[in-house]
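My numbering runs 2 ahead of the 1-based position in the sequence shown.
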Amino acid sequence: MKNLSQAEEIDEIRTLVRKSGLRSTAARITVIQFLRQATSPLTHAEIAEELTPMGFDKATVYRNLIDLAEAGLVKRTELGDHAWRFELRNPDEPEDAEHPHFVCTECGSVSCLHDVEFKTPKNKQWAAVGKVTEILLKGICSECDEE
3 MKNLSQAEEI DEIRTLVRKS GLRSTAARIT VIQFLRQATS PLTHAEIAEE
53 LTPMGFDKAT VYRNLIDLAE AGLVKRTELG DHAWRFELRN PDEPEDAEHP
103 HFVCTECGSV SCLHDVEFKT PKNKQWAAVG KVTEILLKGI CSECDEE
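Spelled out as structure tokens, the structure:
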């Protein structure tokens, strides 16, 4: 992420939100700012826990996450535990660009694997696969593996 002053960051987010066709509101700006700081996809509960003390109720946070996802600014994913997680999309990548996620089966931590690339093979076995939309790897994270 670029080194921007807070005012420049807010202006950049406002422009991004408006270009997506949404109104630029304080809640949307705050949600995007928070997701920019995140190192992994977060649940609504995790996001609301941080934003509620700032004056945004849980319903407002949820509605804005859904609006931002529908506008293509935020990606909503489900990693096998029936909880939607949200992460900021990279505006420099196509909207359908995906990256794998790793979920620790011991502690439940989630990691984005941005540098891992998956290419669908062009052979008969894969002919039925139209488009891969999510790749999920499960295993034991390095912290749990040391215990």
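Built from N, CA and C at the ideal position, the CB exists for glycine as well.
L75 is positioned such that its CB atom lies no closer than 8 Å to that of S111. Across the set C109, T45, P93, the C-alpha of C109 shows the shortest separation from the C-alpha of E149. According to the DSSP assignment, E89 belongs to the beta strand (DSSP E) that extends over 86-90.
If you draw a straight line from the Cα of S113 to the Cα of E89, it is about 11 Å long.
Comparing alpha-carbon positions, the option among S144, I142, A50, R20 lying closest to A73 turns out to be R20.
Taken through DSSP and simplified to helix, strand or coil, V105 comes out as strand. Counting other Cβ atoms within 10 Å of its Cβ, V118 stays below 16 and is therefore classed as exposed.
In the DSSP assignment, R78 forms a beta bridge with F88.
Counting along the chain, C114 sits inside the beta strand (DSSP E) bounded by residues 112-114. Listed as beta-bridge partners of L138 by DSSP are H103. Contact check for L70 against V63 fails: the beta carbons are separated by 8 Å or more. Counting every other CB atom within 10 Å of its CB across the protein chains shown gives R25 a total below 16, marking it as exposed. Its Cα nearest to that of P93, the residue L18 stands out among G82, I49, Q8, L18.
Annotation: D59 to D147 spans about 38 Å, alpha carbon to alpha carbon. Between T45 and the set A29, I68, R30, the nearest pair of CA atoms involves I68.
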